[in-house]
Structures are given as structure tokens and as C-alpha cells.
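Those letters in the sequence shown? Residues 207 to 420, by this note's numbering. For glycine and all other residues, C-beta sits at the position ideal for the given N, C-alpha and C. Here the structure is a predicted model, which is why all the values come from computation and not from measurement.
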Amino acid sequence: MKFSLIRPAGMLAMALALASCGGGDDDTYTVSGTVEGLVYPNLVMTNNGGDDVSVAPPAKPGDPVTFSFSKKLEYGDTYLVAVKTQPLHQSCGIDPNFKLSAADTAGRLGAINARFRCYVNAYAVGGKITGLTKDNTGLELANGSVSGKVAISAPADNTTGAAFDYQIAEVPYGETYSIVVITQPTGRFCTVQNPAGTMGDAAVTNVNINCVPR
Numbered sequence: 207m208k209f210s211l212i213r214p215a216g217m218l219a220m221a222l223a224l225a226s227c228g229g230g231d232d233d234t235y236t237v238s239g240t241v242e243g244l245v246y247p248n249l250v251m252t253n254n255g256g257d258d259v260s261v262a263p264p265a266k267p268g269d270p271v272t273f274s275f276s277k278k279l280e281y282g283d284t285y286l287v288a289v290k291t292q293p294l295h296q297s298c299g300i301d302p303n304f305k306l307s308a309a310d311t312a313g314r315l316g317a318i319n320a321r322f323r324c325y326v327n328a329y330a331v332g333g334k335i336t337g338l339t340k341d342n343t344g345l346e347l348a349n350g351s352v353s354g355k356v357a358i359s360a361p362a363d364n365t366t367g368a369a370f371d372y373q374i375a376e377v378p379y380g381e382t383y384s385i386v387v388i389t390q391p392t393g394r395f396c397t398v399q400n401p402a403g404t405m406g407d408a409a410v411t412n413v414n415i416n417c418v419p420r
């Protein structure tokens, strides 16, 4: 009789000990994350392809923002956090300094913090150059005072001044550009058409340059 009384008491003590160590029903894990560099809206994150959360830009530009998924994980469950929808005018991905933070097993770490970083999209500025031959060397262009000088030469088989494509610089969305001729080529005088503008969501291809004999 004495043994039967001690056994239930021992089981109760064991259950209380397990509960205090996180082994009860509350042993679940929240999948959270941090996004650096977010400027524009519409970012949607997903976990395991079936739990989504929208992430808004910070109230103060430059601050990191945090997010958490509504579905909790049990100990041992795997998680895989990814970008489902990119924000406007930006591209986001796993922070290169925390490459392993977005996929793991719940419970291996004390807390789950998937780290992501966003960058404003940048696109090339360019167009066509007409009237420049392989012999008209020395043409140098620049994007205002933002970039250094860029040397432009006609293709080696261009002996007639036929139009050819060029690109000079990448400019982030929303920033202005202003293409100027820094150095005129040998035997030609070049002018820039549509030299200035504000970068949108695609490469600029209409900054044309026309070169004539001098």
C-alpha cells in the first residue's frame, strides 16, 4: 500500500518537472524575422510556402523592421522563410551575413530570426551612338558628377559610323541622371539627346549620341 501511494506522487513530480522545462503543450516556436533596407511597400514573406505575412516599411527610413508568422511550430518542425512578393522598386533576399538564418529546425536555437536585406533596384542608362567610327577614338562620357569617366569606342569593324548600342552607368530607382560628353573623340563632335531624367523601373535606352565631323 505504501508503494502505491509513492508511485502517483513520483509521476506527478515528473510531469511538473517536464512542464517547467518546456516539455508541455506550450512547447511551440514562433518564426520571426528582420528586414534591413526596406523602403517601399508590398513586401510579402512566406514560411514553408503556406504561411504569409505582409511587411511594411519602417516609420523611420533606414530602421530595420521585424515580422512574425501566425502559425507556430512544434519542436523539430522545419522552417523555410522566403520572399513571396518583392516590394515595389526593390529586390530582397537573405542577408549575406546571415545565410543560414532562414532555414532550420525549430528548437535548435533559442529563437528564430530569419534575416533579410533589401536593395533599391538600379538600371543601366544608355542608347545608341551614331556617326562614330573605329578611327574616332577618345570619346568619354559621364553621368554628371556621380560616376567617373567612361570611355566609349565604336566596334572594330565600324568604318561607316553606323549606329551601335552603349551603356554607361546603373542608376537606382528614383534617382536622377544626366549624361554629358567629357571628352570629344578625334575628328568628331558629339551631342547628347535626352540627356537627363529620373530612373524608373526599367533601363533607359533613349539617351542617344550623335557625332558629326568637325
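At what residues does the beta strand (DSSP E) containing residue i begin and finish?
| i | result |
| --- | --- |
| THR311 | 309 to 311 |
| TYR372 | 370 to 378 |
| LEU338 | That residue, LEU338, is in no beta strand (DSSP E); it is neither H nor E in DSSP. |
| LYS290 | 284 to 291 |
| SER297 | 296 to 300 |
| MET251 | 249 to 253 |
| LEU345 | 345 to 349 |
| ASN319 | 318 to 326 |
| THR404 | 402 to 404 |
| GLY256 | That residue, GLY256, is in no beta strand (DSSP E); it is neither H nor E in DSSP. |
| PHE395 | 394 to 398 |
| PHE273 | 271 to 274 |
| GLY367 | Taken as a continuous stretch (DSSP letters only), GLY367 belongs to no beta strand (DSSP E), as it is neither H nor E. |
| SER359 | Unbroken run through SER359: none, as it is neither H nor E. |
Between the C-alpha atoms of residue i and residue j, what's the straight-line distance to the nearest angstrom?
| i | j | result |
| --- | --- | --- |
| VAL386 | THR240 | 41 Å |
| VAL287 | ALA308 | 5 Å |
| GLY380 | PRO264 | 19 Å |
| GLY326 | ASP269 | Note that residue 326 is Val in the sequence shown here, rather than Gly. Answer to the nearest angstrom: the Cα atoms are 15 Å apart. |
| LEU294 | PRO267 | 15 Å |
| LEU422 | PHE275 | With the chain covering 207 to 420 only, the question about residue 422 has no answer from this structure. |
| THR382 | ASP310 | 42 Å |
| CYS298 | LEU244 | 8 Å |
| ARG314 | GLN373 | 49 Å |
| VAL271 | ASP407 | 24 Å |
| LYS278 | VAL377 | 41 Å |
| TYR285 | ALA317 | 13 Å |
| VAL259 | THR236 | 13 Å |
Tell me which same chain residues have a C-beta within less than 8 Å of the C-beta of residue i, skipping the five on either side of it?
| i | result |
| --- | --- |
| LYS355 | GLU346, LEU347, ALA348, ILE388, THR389 |
| THR392 | ASP341, ASN342, THR343, GLY344 |
| ALA215 | Only weak support exists for where ALA215 lies, its pLDDT of 45 falling under 50; the value from the coordinates is given anyway. Closer than 8 Å at the Cβ level, and outside the excluded window around ALA215, lies no residue. |
Excluding the 5 residues flanking residue i on each side, which residues of the same chain have their C-beta closer than 6 Å to its C-beta?
| i | result |
| --- | --- |
| ALA409 | TYR329, ALA330 |
| ARG321 | THR240, ASP301, PHE304, SER307 |
| GLN399 | ASN414 |
| THR397 | ASN416 |
Just to confirm my understanding: we take residue i, look at its own chain, exclude 5 residues before and 5 after, and list those with CB closer than 7 Å. What are they?
| i | result |
| --- | --- |
| GLY337 | GLY367, ARG394, ASN416, CYS417, VAL418 |
| ASN319 | SER238, GLY239, THR240, SER307 |
For residue i, which option in the options has the closest C-alpha, if you only look at C-alpha atoms?
| i | options | result |
| --- | --- | --- |
| THR234 | ASN254, ILE358, TYR281 | TYR281 |
| THR339 | PRO401, ALA362, GLY256 | ALA362 |
| LYS334 | ILE358, ALA369, ARG323 | ALA369 |
| GLU242 | GLY255, GLN373, ALA375, VAL261 | VAL261 |
| SER384 | LYS277, MET405, ASN364, VAL237 | MET405 |
| GLY255 | ALA360, SER238, LYS290, THR272 | LYS290 |
| ARG323 | ALA360, TYR285, MET251 | MET251 |
For residue i, does the count of other Cβ atoms within 10 angstroms reach 16, so buried, or fall short, so exposed?
| i | result |
| --- | --- |
| PRO247 | exposed |
| PRO401 | buried |
| ALA357 | exposed |
| ASN253 | buried |
| GLY332 | buried |
| ALA375 | buried |
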